[in-house]
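Visitor: Would you mind keeping the following structure in view while I ask a few things?
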Amino acid sequence: MPKLENLKRFRLRVPLGPESLAFDSLGEGPYTSLSDGRIIRWQGSKKGWTDFAATSADRDGCGGPHDHHQAEHICGRPLGLCFDETRGDLYIADAYMGLLRVGPQGGLATEIVTHAQGIPLRFTNSLDIDQSSGAIYFTDSSSQYQRRHYLSVVLSGDRSGRLMKYDPASKQVEVLVSNLAFPNGVALSKDGSSILLAETTSCRILRYWIKTSKAGTLEVFAQLRGFPDNIKRSPRGGYWVGIHSKREKLSELLFSYPWLGNVLLKLPFDITKLQSALSRYRGGGFAVRLGENGDVLEVFEDDEGNRLKSVSEIMEKDGELWIGSVNLPFAGRCKI
Numbered sequence: 001m002p003k004l005e006n007l008k009r010f011r012l013r014v015p016l017g018p019e020s021l022a023f024d025s026l027g028e029g030p031y032t033s034l035s036d037g038r039i040i041r042w043q044g045s046k047k048g049w050t051d052f053a054a055t056s057a058d059r060d061g062c063g064g065p066h067d068h069h070q071a072e073h074i075c076g077r078p079l080g081l082c083f084d085e086t087r088g089d090l091y092i093a094d095a096y097m098g099l100l101r102v103g104p105q106g107g108l109a110t111e112i113v114t115h116a117q118g119i120p121l122r123f124t125n126s127l128d129i130d131q132s133s134g135a136i137y138f139t140d141s142s143s144q145y146q147r148r149h150y151l152s153v154v155l156s157g158d159r160s161g162r163l164m165k166y167d168p169a170s171k172q173v174e175v176l177v178s179n180l181a182f183p184n185g186v187a188l189s190k191d192g193s194s195i196l197l198a199e200t201t202s203c204r205i206l207r208y209w210i211k212t213s214k215a216g217t218l219e220v221f222a223q224l225r226g227f228p229d230n231i232k233r234s235p236r237g238g239y240w241v242g243i244h245s246k247r248e249k250l251s252e253l254l255f256s257y258p259w260l261g262n263v264l265l266k267l268p269f270d271i272t273k274l275q276s277a278l279s280r281y282r283g284g285g286f287a288v289r290l291g292e293n294g295d296v297l298e299v300f301e302d303d304e305g306n307r308l309k310s311v312s313e314i315m316e317k318d319g320e321l322w323i324g325s326v327n328l329p330f331a332g333r334c335k336i
């Protein structure tokens with residue numbers, strides 16, 4: 001069981017939100033996605049974090065201390081990251097720019113998918129790659145709301161989210177599942193027969209079958225006591241799920257009386273911005289490792305939020321956990 005007192009912080013210079021973490025085919029990294037539209041990589045204690053890529057060519061006003069939340073539709077907001085281990089390309093799910101790709105040398109990422117079935121990607125969120133076929137599975141959390149209004153997705157009960165598959169060979173996009181309530185993180189099973197999908201609003205993990213006699217069907221894999229974010233396979237078996245926040249009494253009230261959410265959305269201020277600000281000061285850090293059948297194997301938790309908050313992702317590598325958070329100015333590392 002990892003111990004929080006062993007947590008080491010790898011601080012960023014200015015922006016917040018190392019949302020997702022990835023290592024390249026040489027084991028270098030981690031690479032992480034930031035709130036100012038950049039992807040950076042860790043190059044050891046001497047060099048520290050260095051720039052690797054950006055998802056938007058418009059970088060004017062994107063750097064330095066300012067309200068990145070209000071500028072991310074211009075600067076980009078990269079979320080999920082995953083490397084194609086054969087070619088060395090990094091694939092990026094940017095909330096505003098869609099599905100993108102950048103080569104091993106980095107630079108400006110190229111847009112690959114911006115629409116599916118004629119509907120724009122408004123909130124591209126997470127992805128995983130089938131390394132044997134090259135197929136890319138990714139989510140669009142909502143067709144109605146963008147990331148800077150993510151709380152509206154939850155409060156409105158929006159079910160316009162989609163799970164999709166992109167084939168790099170044919171350049172075709174297939175919508176696998178629609179009518180999802182804030183689809184978020186995705187992770188392929190080890191044998192490639194199914195894909196796990198975090199449905200944030202419902203506080204649950206779904207399993208979509210790709211192969212076997214169940215192919216094309218969807219089932220509940222696990223019900224959680226918090227709002228799940230990204231999912232990553234653990235080399236020890238099972239899956240790490242980052243939990244943005246616990247499902248508390250207010251959440252239960254809103255889900256019991258959906259009309260309350262619509263009332264909150266009509267208030268004369270940006271409720272998403274308010275909630276984002278509050279989450280930096282309250283709440284704790286929480287993640288779980290689920291077994292192959294959805295049972296809880298491990299719980300990694302900072303209940304008081306003294307060291308961790310709003311855990312977006314856990315990447316396990318070489319006996320260590322690398323920890324991302326959408327609200328913190330550092331990536332964390334903790335020995336198992």
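The opening position of the sequence shown corresponds to residue 1 in full-length UniProt numbering, with each subsequent residue numbered one higher.
Just so it is clear, CB atoms sit at the ideal spot from N, CA and C, and this is done for glycine as well.
1. Roughly how many angstroms separate the alpha carbons of residue 358 and ARG233, rounded to a whole number?
2. Do LEU196 and PRO183 have their CB atoms nearer than 7 angstroms?
3. Can you tell me which of the three DSSP states TYR96 falls into?
4. Could you name the residues that DSSP lists as bridge partners for CYS82?
5. Provide the residue span of the beta strand (DSSP E) that contains TYR208, from first to last.
6. Excluding the 5 residues flanking LYS246 on each side, which residues of the same chain have their C-beta closer than 7 angstroms to its C-beta?
7. Note the first and the last residue of the continuous beta strand (DSSP E) segment covering VAL14.
8. Taking 7 angstroms as the limit between beta carbons, can you name the residues of its chain near ASN179, skipping five residues before and five after?
9. Going by other Cβ atoms of all chains shown within 10 Å of its Cβ, with 16 needed for buried, is GLY88 buried or exposed?
10. Looking at ALA93: is its Cβ nearer than 7 angstroms to the Cβ of GLY80?
11. Determine the direct distance from the alpha carbon of ALA198 to that of ALA116, and round the result to whole angstroms.
12. Secondary structure at ASN6, three-state DSSP: helix, strand or coil?
13. Confirm, please, whether the CB-CB distance from ALA109 to ALA57 is below 7 angstroms.
14. With 16 other CB atoms within 10 Å as the buried threshold, where does residue 345 fall?
15. Using the DSSP secondary-structure output, state which residues sit across from ALA198 in a beta bridge.
16. Should VAL299 go down as buried or exposed, given a rule of 16 or more other Cβ atoms within 10 Å for buried?
17. Determine the direct distance from the alpha carbon of GLY332 to that of SER33, and round the result to whole angstroms.
18. Determine the burial state of PRO229: buried for a count of at least 16 other Cβ atoms within 10 Å of its Cβ, exposed for fewer.
19. Is it true that the CB of ALA187 sits closer than 7 angstroms to the CB of ASP128?
20. Do GLU316 and PRO235 have their C-beta atoms closer together than 7 angstroms?
21. Find out if the Cβ-Cβ distance for the pair VAL296, VAL241 is shorter than 7 angstroms.
22. In angstroms, rounded to a whole number, what distance separates the CA positions of HIS73 and ASP140?
23. Since GLU219 sits in a beta bridge, which residues does DSSP pair it with?
24. For the putative contact between VAL173 and TYR166, defined by C-beta atoms under 8 angstroms, what is the C-beta separation to the nearest angstrom?
25. Once DSSP output is grouped into helix, strand and coil, what is the label at SER45?
26. Comparing C-alpha positions only, which one of PHE10, GLN146, LEU218 and TYR137 sits nearest to GLY29?
27. Would ASP36 be called buried (16 or more neighbouring beta carbons within 10 Å of its own) or exposed?
28. Check the C-beta distance from GLY192 over to LYS214 and give it rounded, since I have them as a contact under 8 angstroms.
29. Please list the terminal residues of the continuous alpha helix (DSSP H) segment that includes SER152.
Guide: Let me lay it out:
1. Past the boundaries of the shown model lies residue 358; the chain is included only from 1 to 336, so the question cannot be answered.
2. Locating residue 196 in the sequence shown gives position 196, where the first residue counts as 1. Locating residue 183 in the sequence shown gives position 183, where the first residue counts as 1. No. Outside cutoff.
3. Within the sequence shown, the letter at position 96 stands for residue 96. In the structure shown, TYR96 sits in coil (DSSP, three-state: anything other than H, G, I, E or B).
4. Residue numbering aside, residue 82 sits at position 82 when the sequence shown is read from its first letter. CYS82 is bridged to TYR91.
5. As a first step, residue 208 must be located in the sequence shown, where it is residue number 208. 204-209 is the extent of the beta strand (DSSP E) around TYR208.
6. Translated into positions along the sequence shown, residue 246 becomes position 246. Excluding positions up to five away in sequence, the list reads ARG225, GLY226 and PHE286.
7. As a first step, residue 14 must be located in the sequence shown, where it is residue number 14. Careful: VAL14 lies outside any beta strand (DSSP E) and carries neither H nor E.
8. Within the sequence shown, numbered from 1, the residue matching residue 179 stands at position 179. If we look at ASN179 and ignore the five residues flanking it on each side, its Cβ neighbours are ARG159.
9. For this step, residue 88 is matched to residue 88 along the sequence shown. It is exposed - the Cβ of GLY88 has fewer than 16 other Cβ atoms within 10 Å.
10. In the sequence shown, residue 93 corresponds to position 93, counting from 1. In the sequence shown, residue 80 corresponds to position 80, counting from 1. Going by C-beta atoms, ALA93 is nearer than 7 angstroms to GLY80.
11. As a working note, residue 116 is residue 116 in the sequence shown. As a working note, residue 198 is residue 198 in the sequence shown. ALA116 and ALA198: Cα-Cα distance of roughly 20 angstroms.
12. If you number the sequence shown from 1, residue 6 lands on position 6. It is helical.
13. Locating residue 57 in the sequence shown gives position 57, where the first residue counts as 1. Locating residue 109 in the sequence shown gives position 109, where the first residue counts as 1. No. Outside cutoff.
14. There is no way to answer for residue 345, as the model of the chain reaches only from 1 to 336.
15. Working through the sequence shown from its first residue, we reach residue 198 at position 198. In the DSSP output, where bridge partners are listed per residue, ALA198 has ILE205.
16. Within the sequence shown, residue 299 is the residue found at index 299, counting from 1. By the 10 Å Cβ count, VAL299 comes out exposed.
17. By one-based count along the sequence shown, residue 33 stands at place 33. By one-based count along the sequence shown, residue 332 stands at place 332. Computed Cα separation, rounded: 14 angstroms.
18. Locating residue 229 in the sequence shown gives position 229, where the first residue counts as 1. First, the residue type needs correcting, since residue 229 is Asp and not Pro in the sequence shown. ASP229 comes out buried.
19. Taking the first residue of the sequence shown as position 1, residue 128 is located at position 128. Taking the first residue of the sequence shown as position 1, residue 187 is located at position 187. Closer than 7 angstroms, so yes.
20. Numbered from its first residue, the sequence shown carries residue 316 at position 316. Numbered from its first residue, the sequence shown carries residue 235 at position 235. Going by C-beta atoms, GLU316 is nearer than 7 angstroms to PRO235.
21. As a first step, residue 296 must be located in the sequence shown, where it is residue number 296. As a first step, residue 241 must be located in the sequence shown, where it is residue number 241. Their beta carbons are not under 7 angstroms apart, which means VAL296 does not touch VAL241 by this criterion.
22. Residue 73 sits at position 73 when you count from the first residue of the sequence shown. Residue 140 sits at position 140 when you count from the first residue of the sequence shown. Going by the C-alpha atoms only, they are around 15 angstroms apart.
23. Position 219 of the sequence shown holds residue 219. ARG207, per the DSSP bridge assignment.
24. As a working note, residue 173 is residue 173 in the sequence shown. As a working note, residue 166 is residue 166 in the sequence shown. Contact flag correct, Cβ pair sits at about 5 angstroms.
25. Residue numbering aside, residue 45 sits at position 45 when the sequence shown is read from its first letter. The answer is helix: DSSP assigns SER45 an H, G or I state.
26. If you number the sequence shown from 1, residue 29 lands on position 29. Checked all of PHE10, GLN146, LEU218 and TYR137; the closest Cα to GLY29 is PHE10.
27. Taking the first residue of the sequence shown as 1, we reach residue 36 at position 36. Counting Cβ neighbours within 10 Å, ASP36 comes out buried, since at least 16 surround it.
28. Your numbering for residue 192 matches position 192 in the sequence shown. Your numbering for residue 214 matches position 214 in the sequence shown. The C-beta distance from GLY192 to LYS214 rounds to 14 angstroms, too long to fall under 8 angstroms, and the pair is not in contact.
29. Locating residue 152 in the sequence shown gives position 152, where the first residue counts as 1. Where SER152 is concerned, the enclosing alpha helix (DSSP H) stretches over 150-155.
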